[in-house]
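In what follows, a single structure is set out as structure tokens and then discussed.
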Amino acid sequence: YYIVLLIFPIMYPQSFNNEIVSGDKNYIKEVRSNLQNMEDIDNWISEYQQITNTKWNVRRSLPNGEKIVASKVYICHHSSYRKVANNDNKKGLSKNSDCSASISITIKKNTASTRKKDSFIKVEIK
20 YYIVLLIFPI MYPQSFNNEI VSGDKNYIKE VRSNLQNMED IDNWISEYQQ ITNTKWNVRR
80 SLPNGEKIVA SKVYICHHSS YRKVANNDNK KGLSKNSDCS ASISITIKKN TASTRKKDSF
140 IKVEIK
């Protein structure tokens, strides 16, 4: 199971079970879904991009960690990351609009310790 951090309300991919954990109708902060591996993360983001007509670039990826199954951080393709600053943009073609939107997805390992500390892992989302 994993945490998805979002900075605006969305429609979620229908091929996964999604549950809003925190936030309100205008600002969703945490969603839980039934992702199991990196392929599920890629499929979730791909479906999310189609639904919302947005584009997300991978900023950071951890395919298998000691305490987690997998993790990926996505940033909006209009972010300033690795792009020319607006004042230095001579051609006027940069997609840099300083968008700070990001999505962080972490799949936690299902162990006795995580089940004890995380009620969402204890109660599996089917």
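Numbering (the working numbering), first residue to last: 20 to 145.
Cβ coordinates follow ideal geometry from the N, Cα and C atoms, glycine included.
Return the CA-CA distance between Cys-95 and Asn-76, expressed in angstroms with no decimal places.
6 Å
Quick one: residues in its chain with C-beta nearer than 7 Å to the C-beta of Lys-86, no 5 flanking neighbours on either side, listed in chain order?
Lys-128
Which residues bound the beta strand (DSSP E) around Lys-128?
Taken as a continuous stretch (DSSP letters only), Lys-128 belongs to no beta strand (DSSP E), as it is neither H nor E.
Can you tell which of Asn-37, Ser-90, Asn-56, Gly-42 has its C-alpha closest to the C-alpha of Tyr-67?
It is Asn-37 whose Cα lies nearest to the Cα of Tyr-67.
Identify whether Tyr-67 lies in helix, strand or coil by the three-state DSSP scheme.
helix
For Ile-126 and His-141, the rounded distance between their alpha carbons
Note on residue identity: the sequence assigns Lys, not His, to residue 141. Answer to the nearest angstrom: the Cα atoms are 14 Å apart.
What's the C-alpha gap between Gly-84 and Glu-58?
Near 16 Å, if we compare the C-alpha coordinates of Glu-58 and Gly-84.
In this structure, how does DSSP classify Glu-49 when only helix, strand and coil are distinguished?
strand
Any idea if Ala-89 is buried or exposed, counting beta-carbon neighbours within 10 angstroms, 16 or more meaning buried?
buried
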